[in-house]
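Going letter by letter, the sequence shown gives residues 1 to 156 in the UniProt record's numbering.
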Amino acid sequence: MGCSGLMGTNQNVRLMDKSDLEPCSELMLKVFSGEPWFDQWDSVLHVQQYLAEFMDNPVFMGFVIEQEGKILGASFGHTKSWYSGKEYCIQEYYIDTDLQGGGLGSALMHGIKGYLKSINIHCMVLLTEKDLPAEDFYRKHGFEVKKDIIFMANRF
1 MGCSGLMGTN
11 QNVRLMDKSD
21 LEPCSELMLK
31 VFSGEPWFDQ
41 WDSVLHVQQY
51 LAEFMDNPVF
61 MGFVIEQEGK
71 ILGASFGHTK
81 SWYSGKEYCI
91 QEYYIDTDLQ
101 GGGLGSALMH
111 GIKGYLKSIN
121 IHCMVLLTEK
131 DLPAEDFYRK
141 HGFEVKKDII
151 FMANRF
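The structure is reproduced here in structure tokens:
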């Protein structure tokens with residue numbers, strides 16, 4: 001699943017393991033604390049608890065893109081059985097804020113797709129906010145808006 005040649009450097013996409021939790025938590029806090037999200041996590045430990053819950057899922061599947069052992073981005077998700085075959089549900093997907101726009105997000109996406117195809121998964125699904133750069137990124141990678149589905153929440 002290696003990807004190379006981006007800007008003359010060598011990145012690697014691989015399956016995530018438990019030892020990636022701490023660096024992925026630190027990176028997620030960095031990425032989502034800034035614009036356009038401004039998430040207000042209490043601490044890196046709070047993020048770590050959040051991401052550990054994904055890892056504890058028996059059908060968890062995560063990926064990192066790294067260079068020389070440093071994690072530059074991650075995808076946290078899980079597989080889901082569906083009538084048309086298994087799907088990969090992306091829960092969190094992010095690239096280091098300082099490195100966005102340089103092709104790393106695309107390299108991670110291509111690495112994920114390659115791996116999923118190898119295990120006979122041919123569909124990815126996710127939720128993202130409208131009208132933010134993430135929407136354009138996912139559209140560029142073949143995701144489409146499902147017009148017949150709505151997201152609902154009930155705060156009480």
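Every residue gets a Cβ at the ideal spot worked out from N, C-alpha and C, and that includes glycine. Please read all numbers here as calculations on a predicted model, not as lab measurements.
Counting only the same chain and skipping the five closest in sequence on each side, list residues whose C-beta sits under 7 Å from that of N18.
In the sequence as displayed, the identity of residue 18 is Lys instead of Asn. The answer, listed in chain order, is M55.
Nearest to residue 168 by CA position, among Y88, S43, E135 and I65, is which residue?
What the structure shows of the chain is the stretch from 1 to 156, and residue 168 is not part of that stretch, so it cannot be assessed.
Where K80 and K117 are concerned, what is the direct C-alpha to C-alpha distance, given to the nearest angstrom?
15 Å
Quick check: what's the CA-CA separation for F137 versus F156?
33 Å
Segments of 4+ residues assigned as alpha helix (DSSP H) that fall wholly inside the UniProt domain "N-acetyltransferase" (11-156)
21-33, 44-55, 104-118 and 133-140
With C-beta atoms as the reference, is A52 less than 8 Å away from L21?
yes
Specify whether the region 95-109 and the region 36-44 touch according to this definition: at least 3 beta carbon pairs, one from each stretch, less than 8 Å apart.
no
Label G101 either buried or exposed according to how many other C-beta atoms from any shown protein chain fall within 10 Å of its C-beta, with 16 as the threshold for buried.
exposed
Could you tell me if F63 is buried or exposed, where buried requires 16 or more neighbouring beta carbons within 10 angstroms of its beta carbon?
buried
Please work out which residues of its chain come closer than 7 Å, Cβ to Cβ, to F76, disregarding the five sequence neighbours upstream and downstream, and give them in chain order.
L51, F54, G62, Q91 and E92
State the CB to CB distance for the pair K86 and I121, rounded to an integer number of angstroms; the pair is presumed to be in contact (CB under 8 Å).
5 Å
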